[in-house]
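Notes follow once the structure below has been shown.
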Amino acid sequence: MNKKRKIAWGITGSGEKLVETVEIMQQMRDEYHKQFDIRVFISKAGDQVLKYYNLSNTLETKFDKTWTEINSNAPFLAGQIQLGRYAFLLVAPATSNTVAKISLRIADTLLTNAAIMGQKTNTPIYVMPTDFREGIVTTQLPNGKDLELTITREDAEHVEKLSKMDSTTVFENPEEIPAIFQKHAEMLK
Numbered sequence: 010m011n012k013k014r015k016i017a018w019g020i021t022g023s024g025e026k027l028v029e030t031v032e033i034m035q036q037m038r039d040e041y042h043k044q045f046d047i048r049v050f051i052s053k054a055g056d057q058v059l060k061y062y063n064l065s066n067t068l069e070t071k072f073d074k075t076w077t078e079i080n081s082n083a084p085f086l087a088g089q090i091q092l093g094r095y096a097f098l099l100v101a102p103a104t105s106n107t108v109a110k111i112s113l114r115i116a117d118t119l120l121t122n123a124a125i126m127g128q129k130t131n132t133p134i135y136v137m138p139t140d141f142r143e144g145i146v147t148t149q150l151p152n153g154k155d156l157e158l159t160i161t162r163e164d165a166e167h168v169e170k171l172s173k174m175d176s177t178t179v180f181e182n183p184e185e186i187p188a189i190f191q192k193h194a195e196m197l198k
């Protein structure tokens with residue numbers, strides 16, 4: 010039997026699609042528990058947002074390993090990614106700040122550093138930007154109320170730039186995550 014591969018799941022400070030992403034990642038954990046060990050890496054802002062949405066406890070109880078960012082190298086995810094200790098890095102949801110930093114090569118946070126270092130070693134990087142395309146979107150706040158947001162041209166341009174980078178796949182919805190796991194599970198056979 011093949012050894013389980015580790016997956017790094019990065020969560021940034023966005024509430025957009027967060028609840029759905031957590032639900033799907035729990036399904037992935039259940040479905041692929043024999044193939045993959047999902048490790049959760051939470052940005053500083055992500056930690057705050059998880060608390061707003063009452064999801065911190067869910068992550069801590071449903072996933073064996075969770076870490077919260079101290080700085081860009083603590084925990085030392087970038088080094089582990091570079092050494093090939095993770096099958097892939099999934100950043101979902103990814104704020105416009107995170108997407109812009111990766112596209113501009115600014116590795117000053119845990120997740121931007123890990124993504125950029127992973128790109129340098131051809132580690133597969135999957136990013137689900139919350140600000141995927143220019144226009145108006147409606148998101149749901151933790152209290153259930155809707156909030157209308159305008160996604161700017163500049164945010165969409167960073168997504169486009171990121172989508173053209175080597176070893177990087179950009180996707181729009183949490184429902185696309187199962188295909189990523191299926192693809193990597195097939196590679197283990």
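The numbers in the sequence shown follow our numbering, run straight up by one, and end at 198. Even for Gly, the Cβ is constructed at its ideal location relative to N, Cα and C.
Under DSSP, the alpha helix (DSSP H) around residue i begins and ends at which residues?
| i | result |
| --- | --- |
| residue 197 | 186-197 |
Residue i: which of the options sits nearest, CA to CA?
| i | options | result |
| --- | --- | --- |
| residue 159 | 153, 35, 146 and 62 | 146 |
| residue 82 | 140, 50, 39 and 113 | 50 |
| residue 170 | 148, 194, 186 and 141 | 141 |
| residue 199 | 23, 167, 22 and 30 | With the chain covering 10 to 198 only, the question about residue 199 has no answer from this structure. |
| residue 78 | 96, 41 and 20 | 20 |
| residue 43 | 109, 16, 176 and 138 | 16 |
| residue 119 | 18, 13, 58 and 132 | 18 |
| residue 150 | 35, 39 and 60 | 60 |
| residue 14 | 47, 35 and 33 | 47 |
| residue 164 | 103, 126 and 69 | 103 |
| residue 110 | 136, 64 and 191 | 136 |
| residue 125 | 138, 139 and 108 | 108 |
Going by DSSP in three states, residue i sits in which element: helix, strand or coil?
| i | result |
| --- | --- |
| residue 22 | coil |
| residue 144 | strand |
| residue 30 | helix |
| residue 183 | helix |
| residue 138 | strand |
| residue 17 | strand |
| residue 156 | strand |
Could you check if residue i is buried or exposed, using at least 16 other CB atoms within 10 Å of its CB as the buried criterion?
| i | result |
| --- | --- |
| residue 55 | buried |
| residue 123 | buried |
| residue 113 | exposed |
| residue 66 | exposed |
| residue 92 | exposed |
| residue 73 | exposed |
| residue 154 | exposed |
| residue 181 | exposed |
| residue 188 | exposed |
| residue 26 | buried |
Can you give me the start and stop residues for the beta strand (DSSP E) that residue i sits inside?
| i | result |
| --- | --- |
| residue 166 | Note, residue 166: premise wrong, no beta strand (DSSP E); alpha helix (DSSP H) at 162-172. |
| residue 178 | 177-179 |
Within 8 Å of any Cβ in chain B, is that where the Cβ of residue i sits?
| i | result |
| --- | --- |
| residue 14 | The displayed structure is made up of one protein chain only, and chain B is not part of it. |
For a minimum of 4 consecutive residues, which ranges assigned as the alpha helix (DSSP H) are wholly contained in the segment 65-134? DSSP runs (the alpha helix (DSSP H)) wholly in the segment 65-134: 65-71, 86-91, 105-112 and 119-129.
Residue ranges of each alpha helix (DSSP H) run of no fewer than 4 residues wholly in the segment 35-70, ordered along the chain? Within the segment 35-70, the runs of alpha helix (DSSP H) that reach at least 4 residues and sit entirely inside it are, in chain order, 53-61.
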